[in-house]
Amino acid sequence: MRVDRIRSRAGRVLLVALAGATALAGCSSGAGNRTERSPSASASQGAGDKRPAPAPQGASRFTLVGTGDVLAYPSIIQQARDDAGGDAYDFHKIFAGVKPVVAGADVALCHMETVYGQPGGPFTGYPLFKAPPQIARALADTGYDGCSTASNHTLDDGFGGIERTLGELDASGVRHTGSARSAAEAAAPVILDVKGVKVAHLAWTYGTNGIPLPDGKPWAVNVVDAPRIIEQARAARRAGAEVVVLSMHWGSEWQRAPDADQLRWARELTASQDGGRKDIDLILGTHNHVPQPYAKVNGTWVVYGMGDQMANFPGQDKLAGNYSSIARFSFARGADGVWSVDRAEFLPQYSDPGPPFRVVDINAELAAGSPRAGAYQKPLETIRAAVLSEGAAGDGLTEATATR
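Using our numbering, the letters of the sequence shown map in sequence onto residues 48 to 451.
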């Protein structure tokens, strides 16, 4: 038996004991692992069966933070090299500006869009990304518990890229979902133990840029299929999940409004129930590079697109690719034992090209009297307009001005 240790982040996740080879699939021996991969359970009860919620355990509420695509463009890689003194790669300073928000949540989820190369490179940018694996350690130290890894760039370096990326995330204590190294790993629900509450994380992508799935490995990347997503969510429920969070890599690049596929999938996925209970409790969107609206669909919060968390696009016409939002949702347990969001917030975020390049919490920078305050006004206004464009304020979404 192995007992995963807890990082000292305000008691965020309870101690989890994992026993047996199956339970260990995909887990590292490093400190800070807070996710268990639960074996798939038997077939679900019929949709007509009224299924009671699990008996209440653990905390009565928790906060979740979600952030957008991590894209290591060449200029960002060079910044990490400069920050390390020129002979290594260090991404800690790049993420330092958002660490208070990320580490302050009870559970934080990132989106690792690209795969990792070897520690010493070579590293590549668009169209076939291969990023420094040192990003994984920086994500862990920033406070992330898990990361979605299903994207249109997941197969940029073939199956080997998936293996390296998941291995590095394991070694850093960051759990992952959306791509897999084996059929067993793909089938096992990823469940995070958050203050005693079981939170499942699912991730799917609309495609892989025309790169076919590896021969004999159809499970390597989750490619969107609504019925399969629903079945995966139900499998997570059978494995004990009390809350199910879905990361969707979807939408049209550079488009601020959700496209037809996003709208259709959002309606279908949020409408799905089993035994009178929602299959999915929250959807976090990535891919489109720019901030998109938050909205309530069938009573469930959907973030159509958070924008890129770490990106630095060349050219004045793509400056909006540096704008994004941090999504923060507070979940509360109802009297019936069922969890729901009772507070929805967003925090405007900016990949500030500098120099030096840094990812910043705009409101925190303004409150601190940043000398770059003038450079943050346009991103701030653009992000606000996009996030609130579908009337989410009327459903209770607010802009957070505090890190916790």
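A virtual CB, placed ideally from N, CA and C, is assigned to each residue, including glycine.
Round the Cβ separation of residue i and residue j to the nearest angstrom and send it over; I've been treating them as touching at under 8 Å.
| i | j | result |
| --- | --- | --- |
| residue 185 | residue 139 | 5 Å |
| residue 388 | residue 377 | 7 Å |
| residue 380 | residue 152 | Not confirmed; about 17 Å, so no contact. |
| residue 333 | residue 353 | 6 Å |
| residue 342 | residue 439 | 6 Å |
Could you give the first and the last residue of the continuous alpha helix (DSSP H) run that contains residue i?
| i | result |
| --- | --- |
| residue 109 | No alpha helix (DSSP H) contains residue 109, which is instead part of the beta strand (DSSP E) from 108–117. |
| residue 125 | 121–130 |
| residue 453 | Any answer about residue 453 is impossible in this case: the structure gives the chain only from 48 up to 451. |
| residue 257 | Unbroken run through residue 257: none, as it is neither H nor E. |
| residue 303 | Note, residue 303: premise wrong, no alpha helix (DSSP H); not H, not E. |
| residue 279 | 273–285 |
| residue 288 | Taken as a continuous stretch (DSSP letters only), residue 288 belongs to no alpha helix (DSSP H), as it is neither H nor E. |
State the Cα-Cα distance for the pair residue i and residue j, rounded to the nearest angstrom.
| i | j | result |
| --- | --- | --- |
| residue 282 | residue 215 | 27 Å |
| residue 434 | residue 233 | 33 Å |
| residue 360 | residue 285 | 43 Å |
| residue 239 | residue 245 | 6 Å |
| residue 326 | residue 230 | 23 Å |
| residue 220 | residue 402 | 30 Å |
| residue 71 | residue 213 | At residue 71 the pLDDT is 34, less than 50, meaning the model places this residue with poor confidence and gives no usable figure here. |
| residue 171 | residue 162 | 10 Å |
| residue 367 | residue 252 | 22 Å |
| residue 262 | residue 436 | 43 Å |
| residue 114 | residue 405 | 15 Å |
| residue 210 | residue 227 | 8 Å |
| residue 259 | residue 420 | 45 Å |
| residue 129 | residue 207 | 28 Å |
| residue 267 | residue 141 | 30 Å |
| residue 272 | residue 296 | 12 Å |
| residue 110 | residue 274 | 28 Å |
| residue 413 | residue 431 | 15 Å |
Per DSSP, what are the beta-bridge partners of residue i in this structure?
| i | result |
| --- | --- |
| residue 357 | 117 |
| residue 395 | 372 |
| residue 379 | 108, 387 |
| residue 347 | 344 |
| residue 324 | 321 |
| residue 251 | 295 |
| residue 144 | 407 |
| residue 163 | 178 |
| residue 446 | 393 |
Thinking just about the alpha-carbon of each residue, which of the options is nearest to the one in residue i?
| i | options | result |
| --- | --- | --- |
| residue 293 | 300, 223, 449 | 223 |
| residue 106 | 355, 194, 154 | 154 |
| residue 337 | 350, 444, 136 | 350 |
| residue 391 | 443, 311, 148, 202 | 443 |
| residue 225 | 219, 248, 231 | 248 |
| residue 148 | 410, 425, 230 | 410 |
| residue 299 | 174, 335, 419, 266 | 335 |
| residue 204 | 431, 136, 177 | 177 |
| residue 166 | 159, 124, 187 | 124 |
| residue 344 | 333, 318, 364 | 318 |
| residue 179 | 135, 200, 445 | 135 |
In terms of residues, what are the limits of the beta strand (DSSP E) holding residue i?
| i | result |
| --- | --- |
| residue 223 | 222–224 |
| residue 406 | 405–408 |
| residue 429 | No beta strand (DSSP E) contains residue 429, which is instead part of the alpha helix (DSSP H) from 420–434. |
| residue 329 | 329–333 |
| residue 241 | 237–241 |
| residue 214 | Unbroken run through residue 214 is the alpha helix (DSSP H), 205–219; no beta strand (DSSP E). |
| residue 195 | 193–195 |
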